[in-house]
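Chemist:
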Amino acid sequence: MDIGIGLPNAVRTVDRRGIVEWARRAEEAGFSSLGTIDRIVYPNYESLISLAAATAVTERIRLVTDILIAPLRRTALLAKQAATIDNLSGGRLVLGLAVGGRPDDYEAAGADFHARGRTFERQLEELTSLWTREGDFGPRPANGKRPSILIGGTADVAFRRAAKYADGWTLGGGTPDAFRDGAAKLRDAWSAEGRDGEPRTMALFYFVLGDGAEEAARHALGSYYAFLGDYADQIVQSAAKDADTVRGYLAAFEEAGADEVICFPASADPAQVELLAGALPTG
């Protein structure tokens, strides 16, 4: 199982070091991917711009939106931005896409929250058409076709979309048991769509290590998920705050069959990269 690390693009205190220096350190530490999470109505760094900055200072590590809320963006611009990052990075972009669930993001973007599913389906059709369009649209993705795509979400329609349009599925937040159930639905949808091979699967969890871990988790995750009310506290408590918990989560997702897990930080301090690397299982 591959182990990636998130960029702290959605941690309130993030600055240049939390993107540029973090990305350099993550590649040096051997992580498989750098991930971003997405939101509009929040003082976070925008996901694709964050990955563009990471692209400039890395050579190997994958660049993953886990996930990007596609219907908040005009399709042609999203296609151009994604193709640019994929082209500049030599094909390292993994575009995790989903519809999101916060009406305030849609209101700020001038998009229809209630039509987000229909909008997303239309975008998935149009993106591939734009990426392969000859002559007047570019740049082309690195492979000349499209970046790698994963679909996020746990509704049944998410698995159908993954099987029809994408290379696999990402759980987003959730337990190993939820991942196992979702992966089974994905395989069924993959088979029903007549797809060859195996779909790629991904999961995530939050972590913060070292002194002040509890306070950092409460500040970052409590703020980010405040819209969920009391459930935000459960997210804070579930964050891995010591090496044993990190290893336990990774082992559970690996046993559930995940191809990759991205560990998303609740601190923007680049020292978290080395702390996480030191907490990983050896051998």
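Numbered by the working numbering, the letters in the sequence shown go through residues 10 to 292 in order. Backbone N, C-alpha and C fix where the C-beta goes; we use that ideal spot for every residue, glycine too.
1) Quick check: Leu-57 and Thr-64, are their CB atoms within less than 8 Å of each other?
2) Beta-carbon separation of Val-295 and Pro-274 under 8 Å?
3) In this structure, how does DSSP classify Arg-125 when only helix, strand and coil are distinguished?
4) Scan the stretch 19 to 66 and note each continuous beta strand (DSSP E) run of 3 residues or more that stays entirely inside, going in chain order.
5) My parser needs the alpha helix (DSSP H) runs of 4 or more residues fully inside the stretch 205 to 287; what are they?
6) Contact check, Glu-36 vs Arg-69 under 8 Å by CB: the rounded distance?
7) Note down the Cα distance separating Asp-205 from Thr-184, rounded to an integer number of angstroms.
8) Does the stretch 109 to 121 touch the stretch 42 to 54, meaning 3 or more C-beta pairs lie closer than 8 Å?
9) Counting pairs of beta carbons, one from the stretch 260 to 273 and one from the stretch 169 to 186, are three or more of them closer than 8 Å?
10) Helix or strand or just coil, what does DSSP make of Ala-164?
11) What's the call for Tyr-240, buried or exposed, on a 16-neighbour Cβ count within 10 Å?
12) So Ala-118 is in the alpha helix (DSSP H); what residue range does that whole segment cover?
13) I need the boundaries of the beta strand (DSSP E) containing Arg-3, first residue and last residue.
14) Should Glu-224 be labelled buried (16 or more other beta-carbon atoms within 10 Å of its own) or exposed?
15) Answer yes or no: do Leu-213 and Gly-191 have a C-beta to C-beta separation smaller than 8 Å?
16) Smallest Cα separation from Ser-98: which of Thr-67, Asp-75 and Ala-124?
17) I'd like to know whether the C-beta atoms of Asp-95 and Ala-175 end up nearer to each other than 8 Å.
18) Tell me whether the beta-carbon of Leu-16 lies closer than 8 Å to the beta-carbon of Thr-45.
19) Taking the alpha-carbon of Ala-265 as reference, which of Met-211, Ala-226 and Leu-285 has the nearest alpha-carbon?
20) According to DSSP, simplified to helix, strand and coil, what is Thr-179?
21) According to DSSP, simplified to helix, strand and coil, what is Gln-92?
22) Where does Ser-98 sit, in a helix, a strand or coil, going by DSSP?
23) Helix, strand or coil for Leu-306, going by three-state DSSP, please let me know.
24) Quick check on Gln-132: buried or exposed, where buried means 16 or more other Cβ atoms within 10 Å of its Cβ?
25) Return helix, strand or coil for Leu-104, following the three-state DSSP convention.
26) CB-CB under 8 Å to Val-270, same chain, minus the five flanking residues each way: which ones, in chain order?
27) Taking Arg-111 as the reference, which of Ala-235, Pro-279, Ala-32 and Val-103 has the closest Cα?
28) Ordered along the chain, which non-local residues of its own chain (more than five positions away) have a Cβ less than 6 Å from that of Val-20?
29) How would you label Pro-148, buried or exposed, when you count the other beta carbons within 10 angstroms and need 16 or more for buried?
Modeler: Reading from the atomic positions:
1) Against the sequence shown, residue 57 aligns to sequence position 48. Against the sequence shown, residue 64 aligns to sequence position 55. Going by C-beta atoms, Leu-57 is not nearer than 8 Å to Thr-64.
2) The structure shown does not extend to residue 295, since the chain is modelled only from 10 to 292, so the question has no answer here.
3) Start at 1 with the first residue of the sequence shown, and residue 125 comes out as number 116. Residue state, collapsed to three classes: helix.
4) 42 to 45
5) 222 to 233, 240 to 247 and 252 to 265
6) Along the sequence shown, one-based indexing puts residue 36 at 27. Along the sequence shown, one-based indexing puts residue 69 at 60. Indeed, because the Cβ distance is near 6 Å, the residues count as touching under 8 Å.
7) Here residue 205 corresponds to residue number 196 of the sequence shown, with the count starting at 1. Here residue 184 corresponds to residue number 175 of the sequence shown, with the count starting at 1. When rounded, the distance between both Cα atoms is 28 Å.
8) yes
9) yes
10) The count along the sequence shown starts at 1 and reaches residue 164 at position 155. The answer is coil: DSSP assigns Ala-164 none of H, G, I, E or B.
11) Here residue 240 refers to the residue found at position 231 when the sequence shown is read from its first residue. With fewer than 16 other Cβ atoms within 10 Å, it is exposed.
12) For the purposes of this step, residue 118 is taken as residue 109 along the sequence shown, with counting starting at 1. Here the alpha helix (DSSP H) through Ala-118 covers 112 to 118.
13) Because the chain is modelled from 10 through 292, residue 3 falls outside the range shown and cannot be assessed.
14) The residue labelled residue 224 in the question sits at position 215 within the sequence shown. Looking at its Cβ environment, which holds fewer than 16 other Cβ atoms inside 10 Å, Glu-224 is exposed.
15) Position 204 of the sequence shown, counting from 1, holds the residue named residue 213. Position 182 of the sequence shown, counting from 1, holds the residue named residue 191. No. Outside cutoff.
16) Mapped onto the sequence shown, residue 98 falls at position 89. Of the listed residues, the one whose Cα sits closest to Ser-98 is Thr-67.
17) As a first step, residue 95 must be located in the sequence shown, where it is residue number 86. As a first step, residue 175 must be located in the sequence shown, where it is residue number 166. It is not a contact, given that the beta carbons lie outside the stated cut-off.
18) Here residue 16 refers to the residue found at position 7 of the sequence shown. Here residue 45 refers to the residue found at position 36 of the sequence shown. Cβ atoms of Leu-16 and Thr-45: closer than 8 Å.
19) Locating residue 265 in the sequence shown gives position 256, counting from the first residue. When only C-alpha atoms are compared, the closest one is Met-211.
20) Here residue 179 refers to the residue found at position 170 of the sequence shown. It is a strand residue.
21) One-based indexing of the sequence shown puts residue 92 at position 83. What sits at residue 92 in the sequence shown is Ala, not Gln. DSSP places Ala-92 in helix when its eight states are reduced to three.
22) Indexing the sequence shown from 1 puts residue 98 at position 89. It is coil, neither helix nor strand.
23) Coverage of the chain is limited to positions 10 through 292, which leaves residue 306 absent and any answer about it impossible.
24) The count along the sequence shown starts at 1 and reaches residue 132 at position 123. With 16 or more other Cβ atoms within 10 Å, it is buried.
25) Here residue 104 refers to the residue found at position 95 of the sequence shown. Note: Leu-104 maps to strand in three-state DSSP.
26) As a working note, residue 270 is residue 261 in the sequence shown. Correct list, in chain order: Met-10, Asp-11, Ile-12, Gly-13, Met-211, Ala-212, Leu-213, Phe-214, Tyr-258, Leu-259, Phe-262 and Glu-263.
27) Locating residue 111 in the sequence shown gives position 102, counting from the first residue. Among Ala-235, Pro-279, Ala-32 and Val-103, the Cα nearest to that of Arg-111 is on Ala-235.
28) Locating residue 20 in the sequence shown gives position 11, where the first residue counts as 1. For Val-20, where only same-chain residues beyond five positions count, the Cβ hits under 6 Å are Ala-229 and Ala-277.
29) Walking along the sequence shown from the start, residue 148 turns up at place 139. Burial call: exposed.
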